[in-house]
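Numbering (my numbering), first residue to last: 92 to 527.
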């Protein structure tokens, strides 16, 4: 163990040297946490070699035929953006897609280049379109203790349930999203515009064939571009169909019913009250709610479920909701494709897994951990344990972060976890686990 820790520290010092030499930037090829995870240059897109650092995130620039300057913050958003770009570019190359894209371009004329970049690179403006990640701004606090609005807004003031389409086309937009393996609630304006255009043409009967005619789920193309994009198993068809077939309000009712049956609960029980509070939290969009419900079902044998639900229900900001969704996703993957946890462990607005003898695993979706106040707070969020407290990162960490972590009771820091089999595209279906 000591030999492994020493090796990791040497690698972290090397990473620190690379970053400091480039004054807050680094080369894409030097990001070890991404090596072999996603190609830099494909027929659909190209990721610029210069990568900036913004707090605990890398900032990537992607070029493609329909936009020469996508800016994306974070490895997880990079995977999703490249997936979306590849789908759009592929669809545009088909006769039907070319027809649809003509209308899509018209609908995008009113959206300035800056707005597109803000959506894909959150943090620049409190007026960003769609799902906006803001470290500052109004939080919901304990909003569900009597202050539940009829049309609640998230901590950033956005309505995250609107998604693709409007009251005329939203159903057809969700259908198109399902057919093309896209997120109907994506913040990418190109995705929204494309789905809306397909929906409008389908509504008036001018779209002769379905969007999925050329894109067969399970094809080599889909398997390639969805690897790690949205869930550990790419797309879970049953969950995607639920998102497709229900508007946000109806989806909440379906999720409530599914959770109640899966966990053998009655309406009004304490567990169901917490779950419904989670569904009413405006900081989650409908897709996040659907997949978090799935992750709960996949982790259903774990103890301390009530505290986990309470933490999810109380996510105070959009950013906290996104981090919690990622933590649930990674915990489900680690549990089902690695070592099995015995219970959830929670502290503040974070959720972790606990092994049988008490070891804590906190998974954080950060790209670049340094000895900053933000990362110190995340260290302090790791639940207490008499056995060990461990942090797993999607990205990288500096030696200074590791030193700070050790001084604050962290036993080990594991980086680049996407290289581990549990977090790669899994074709095996993860069973839903019934509560005993």
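C-beta atoms are modelled at their ideal positions from N, C-alpha and C, and glycine is treated no differently.
Proximity to residue 430 [Cα-Cα], best of 400, 511, 396 and 471: Your numbering for residue 430 matches position 339 in the chain shown. Nearest C-alpha to residue 430: 511.
Quick check on the burial criterion: 16 or more other C-beta atoms within 10 angstroms. Buried or exposed for residue 267? By one-based count along the chain shown, residue 267 stands at place 176. Buried.
Candidates 179, 353 and 190, of which the one nearest residue 293 by Cα: In the chain shown, the residue the question calls residue 293 occupies position 202. Of the listed residues, the one whose Cα sits closest to residue 293 is 190.
Taking 8 angstroms as the cut-off, does the stretch 418-425 touch the stretch 459-477 (at least 3 CB pairs, one atom from each stretch)? no
Supposed contact pair residue 476 and residue 449 - C-beta distance, whole angstroms, cut 8 angstroms: By 1-based counting over the chain shown, the position of residue 449 is 358. By 1-based counting over the chain shown, the position of residue 476 is 385. Right, their Cβ atoms sit about 5 angstroms apart.
Once you ignore the five residues that flank residue 298 on each side, which residues in its own chain have a CB closer than 6 angstroms to its CB? Position 207 of the chain shown, counting from 1, holds the residue named residue 298. Contacts found: 292.
Since residue 160 is in the beta strand (DSSP E), which residue starts that stretch and which ends it? Taking the chain shown and counting its residues from 1, the one referred to as residue 160 is at position 69. 158-164 is the span of the beta strand (DSSP E), which, as asked, contains residue 160.
Along the beta strand (DSSP E) that carries residue 149, what are the first and last residues, could you check? Reading the chain shown from its first residue, position 58 is the one you call residue 149. Run containing residue 149: 148-155, per the beta strand (DSSP E) assignment.
Alpha helix (DSSP H) runs contained entirely in the stretch 360-421, provided each spans 4 or more residues: 361-371, 377-389 and 396-404
In whole angstroms, what separates the C-alpha of residue 413 from that of residue 277? Reading the chain shown from its first residue, position 322 is the one you call residue 413. Reading the chain shown from its first residue, position 186 is the one you call residue 277. So the alpha carbons of these two residues sit roughly 13 angstroms apart.
Which residue wins for smallest C-alpha separation from residue 123, given the options 459, 479 and 471? Residue 123 sits at position 32 when you count from the first residue of the chain shown. Ranking the options by Cα distance to residue 123, first place goes to 459.
DSSP on residue 476, reduced to helix/strand/coil? Here the question's residue 476 lines up with position 385 in the chain shown. Correct three-state label for residue 476: coil.
Residue 505 versus 341, 456, 399 and 394, residue with shortest Cα-Cα distance: Against the chain shown, residue 505 aligns to sequence position 414. Among 341, 456, 399 and 394, the Cα nearest to that of residue 505 is on 456.
Beta-carbon contacts of residue 166 that lie in its chain and below 6 angstroms, excluding the five residues immediately before and after: Counted from its first residue, the chain shown places residue 166 at position 75. Counting only Cβ-Cβ distances below 6 angstroms, and skipping sequence neighbours, we find 458, 485 and 486.
Report buried or exposed for residue 373, applying the criterion of at least 16 other Cβ atoms within 10 angstroms of its Cβ. In the chain shown, the residue the question calls residue 373 occupies position 282. By the 10 Å Cβ count, residue 373 comes out buried.
Mind checking whether residue 398 and residue 439 have CB atoms under 7 angstroms apart? Position 307 of the chain shown holds residue 398. Position 348 of the chain shown holds residue 439. The answer is no: Cβ separation not under 7 angstroms.
Please classify residue 245 as buried or exposed, where buried requires at least 16 other C-beta atoms within 10 Å of its C-beta. In the chain shown, residue 245 corresponds to position 154, counting from 1. Buried: at least 16 other Cβ atoms inside 10 Å.
Where residue 295 falls, given that 16 or more other Cβ within 10 Å makes a residue buried: Here residue 295 refers to the residue found at position 204 when the chain shown is read from its first residue. Counting Cβ neighbours within 10 Å, residue 295 comes out exposed, since fewer than 16 surround it.
Please determine, among 380, 275 and 488, the residue with the shortest C-alpha to C-alpha distance to residue 503. Numbered from its first residue, the chain shown carries residue 503 at position 412. Selected option, being the one with the closest Cα: 488.
Report the option in 275, 358 and 383 whose CA atom is closest to the CA atom of residue 251. Here residue 251 is taken as the residue at index 160 of the chain shown, counted from 1. Considering only alpha carbons, the answer is 275.
Is it buried or exposed for residue 140, if we count other Cβ within 10 angstroms and need 16 for buried? Residue 140 sits at position 49 when you count from the first residue of the chain shown. Answer is exposed; the Cβ neighbour count stays below 16.
Given this structure, state the Cα-to-Cα distance separating residue 161 from residue 283, to the nearest angstrom. The residue labelled residue 161 in the question sits at position 70 within the chain shown. The residue labelled residue 283 in the question sits at position 192 within the chain shown. So the alpha carbons of these two residues sit roughly 15 angstroms apart.
Distance, residue 447 Cα to residue 453 Cα: Locating residue 453 in the chain shown gives position 362, counting from the first residue. Locating residue 447 in the chain shown gives position 356, counting from the first residue. Straight-line Cα distance between these residues: approximately 15 angstroms.
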